[in-house]
Amino acid sequence: MKKNIFKEKRGYPRIKSLHLNAYNYFDQKEYEKRKGIALTLNISLSGMFIESGVPFPIHSVLEITLALEEILLTLKGEVRRSEIAENGNYHLGIFFVDISPESQKILNTLIPS
Numbered sequence: 000m001k002k003n004i005f006k007e008k009r010g011y012p013r014i015k016s017l018h019l020n021a022y023n024y025f026d027q028k029e030y031e032k033r034k035g036i037a038l039t040l041n042i043s044l045s046g047m048f049i050e051s052g053v054p055f056p057i058h059s060v061l062e063i064t065l066a067l068e069e070i071l072l073t074l075k076g077e078v079r080r081s082e083i084a085e086n087g088n089y090h091l092g093i094f095f096v097d098i099s100p101e102s103q104k105i106l107n108t109l110i111p112s
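According to numbering that gives the first Met the number 0, the sequence shown is numbered sequentially starting from 0.
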């Protein structure tokens with residue numbers, strides 16, 4: 000049996016969250032480049048892990064509209080991790096940036112810390 004020798008680096012616990020979300024991808028000049036749908040795999044107060052059919056470069060900025068319970072949240076996130084999944088899709092680690100106080104309050108209410 001292998002031991003997990005890696006130390007947990009996340010500042011917040013993540014909860015499993017299988018939800019579809021919509022995204023807009025912007026280039027560095029804030030021009031919209033692509034829209035699409037991805038699957039949220041898990042979410043925390045500081046970010047989320049999603050599965051997408053298309054890759055994104057590290058440091059790409061995505062505007063993500065996420066449905067949590069009956070609330071639609073639009074959040075901006077930076078791609079911090081990108082890897083090819085076993086099914087051929089892409090797993091992306093997203094770190095939230097520029098979260099409004101209202102959105103942060105909603106996340107705090109819906110996601111246990």
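Where is the CB? At the ideal position from N, CA and C, for every residue including glycine. These numbers come from a predicted model, not from an experiment.
Exercise. Among 89, 18, 69, 68, which one has its Cα closest to the Cα of residue 78?
Worked result: To locate residue 78, count along the sequence shown from 1; it is residue 79. Comparing Cα positions, the closest option is 89.
Problem set entry | First and last residue of the uninterrupted beta strand (DSSP E) at residue 63 | The residue labelled residue 63 in the question sits at position 64 within the sequence shown. Counting along the chain, the beta strand (DSSP E) containing residue 63 begins and ends at 60-67.
For this session: Look up residue 20 in the DSSP assignment and give the residues it is bridged to.
Result: As a working mapping, residue 20 is identified with position 21 in the sequence shown. Residue 20 pairs with 37, 65.
Problem set entry | N- and C-terminal bounds of the alpha helix (DSSP H) containing residue 101 | Here the question's residue 101 lines up with position 102 in the sequence shown. Residue 101: member of the alpha helix (DSSP H) spanning 100-109, first to last residue.
Problem set entry | Nonlocal neighbours in the same chain, by C-beta distance under 6 angstroms from residue 104, ignoring five residues either side | Position 105 of the sequence shown, counted from the first residue, corresponds to residue 104. Contacts found: none.
Exercise. Going by the CB atoms, is the gap between residue 49 and residue 39 shorter than 8 angstroms?
Worked result: Within the sequence shown, numbered from 1, the residue matching residue 39 stands at position 40. Within the sequence shown, numbered from 1, the residue matching residue 49 stands at position 50. Yes; because the gap between Cβ atoms is below 8 angstroms, this pair is in contact.
Exercise. Where do the N-terminal and C-terminal ends of the beta strand (DSSP E) with residue 81 fall, by residue?
Worked result: Translated into the one-based positions of the sequence shown, residue 81 becomes position 82. Membership of residue 81 in the beta strand (DSSP E) is indicated by the continuous run 70-83.
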